[in-house]
Amino acid sequence: MIQDPAQDIPPTEEEPIPPAAEAEAAEPAVAPEPPPVAPAAPAIRPLVKRHHGIVRFAHWANTVLLLGMIASGLQIYMAFSHFGIRGSRYYPNPWDGKPFPEWARLGGWLAGGLNWHFALAWPFVLTGLLYIVYLAVSGEWRSLLFRPRDVPRAWQMQLYYLRLRREHPPQGKHNALQKLAYTSIVLLGALSVLTGFAVYKPTELRWLTALFGGYELARYWHFWAVWIFVAFIIVHVALVFLVDPASLRAMITGWYRGRFPSHD
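Using our numbering, you'd call the opening residue of the sequence shown number 3 and step up by one each time.
Structure (structure tokens):
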């Protein structure tokens, strides 16, 4: 019988696989790391219309008129730098009997101060009325009027300004403290005008003068309204530059590109 030659060939043993090769075969292939992505450029805030021309005109006109009225009022005050009937006990006044510097006064003397004061008062009243009529007709008063529900929001905003709260409270076009300030400043303007008329025409408008407690007290309230205006201007300007400088450009051009909404 012829034997198959293949049966005489001894079986071959498989070559052992090196351990390193086994580890490489066991580990899955690792994809190469993607190239680093450059950080995205910050999104440019949109340029939006924020203030109507009437608002901007009234704002800047009344700023100039108010400063002129304050300076001429201080000149008028110098004619009798007390509050009360001459020779009696005067009302409390930290500037009682003290002269204001000449650079802060307008008019040079009593008659000059009166002329400037009356010349500026009527444009101030008319510009203020124009602003109020615009707010009423346009409906924009809704975004400015301070309401009872704004009290907690105003408190949170005050905490933020005092650095006792980290996050800026959510707001619309104006925050709650701004609403309080803008509502109060309109009322303060009305008080200034009414007390001014009470001092200007104490006989013809005796009912108005009596409403404020008489001529001397009407003059006293008129004087203190001035310093509330001064405090408002200082705080208002400081917050514009510290919190939202873009709002200054908006009050000049009407267009705003800043961090806060332009509508409620």
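Backbone N, C-alpha and C fix where the C-beta goes; we use that ideal spot for every residue, glycine too.
Quick one: what's residue i bridged to in DSSP?
i	result
lysine 51	Trp257
Measuring straight from C-alpha to C-alpha, what distance separates residue i and residue j?
i	j	result
aspartate 246	threonine 255	15 Å
arginine 208	aspartate 152	38 Å
leucine 122	tyrosine 133	17 Å
serine 186	alanine 81	30 Å
proline 94	phenylalanine 85	8 Å
tryptophan 229	isoleucine 236	11 Å
arginine 165	valine 50	29 Å
arginine 149	leucine 131	22 Å
tryptophan 223	proline 48	45 Å
arginine 144	tryptophan 257	20 Å
histidine 238	tyrosine 184	10 Å
valine 242	alanine 248	8 Å
valine 127	serine 90	34 Å
leucine 244	lysine 100	34 Å
Looking at the C-beta of residue i, does it have a partner C-beta in chain D at a distance below 8 Å?
i	result
serine 140	Note that chain D does not occur in the displayed structure, where there is just one protein chain.
From the options, pick the residue whose C-alpha is nearest to that of residue i; which is it?
i	options	result
arginine 124	Val239, Val195, Gly260, Arg47	Contrary to the premise, residue 124 reads as tryptophan rather than arginine in this sequence. The shortest Cα separation from tryptophan 124 among Val239, Val195, Gly260, Arg47 belongs to Val195.
phenylalanine 102	Ile87, Tyr92, Tyr222, Ser83	Ser83
valine 188	Pro154, Gly115, Leu146	Leu146
alanine 178	Tyr162, Gln77, Trp105, Leu193	Tyr162
glycine 110	Ile78, Arg91, Phe126, Lys100	Ile78
leucine 193	Lys203, Val242, Ala106, Ala220	Ala220
lysine 175	Gly260, Gln158, Phe126, Gly70	Gly260
alanine 63	Thr129, Ala233, Pro96, Asn117	Thr129
According to the neighbour-count rule (16 or more other Cβ atoms, all chains shown, within 10 Å of its Cβ), is residue i buried or exposed?
i	result
lysine 181	buried
valine 201	buried
histidine 265	exposed
methionine 3	Legend: pLDDT at methionine 3 = 47, less than 50; position of this residue unreliable, value from coordinates given subsequently. It is exposed - the Cβ of methionine 3 has fewer than 16 other Cβ atoms within 10 Å.
alanine 252	buried
histidine 119	buried
arginine 155	buried
glycine 115	buried
glycine 191	buried
serine 74	buried
glycine 55	exposed
alanine 25	Below a pLDDT of 50, predicted positions are generally treated as unreliable, and alanine 25, at 49, falls in that range; the measurement from the model is reported next regardless. Alanine 25 comes out exposed.
arginine 52	buried
arginine 107	buried
May I ask you to check if the CB of residue i is nearer than 7 Å to at least one heavy atom of the ligand SAM?
i	result
asparagine 95	With respect to the ligand SAM, the structure shown offers nothing to examine, as it has no ligands at all.
Worksheet item: Quick one: complete alpha helix (DSSP H) runs, 4+ long, within the region 171-245?
Response: 178-202, 208-213, 217-245
Worksheet entry | Inside the region 80-106 only - alpha helix (DSSP H) runs reaching at least 4 residues | none
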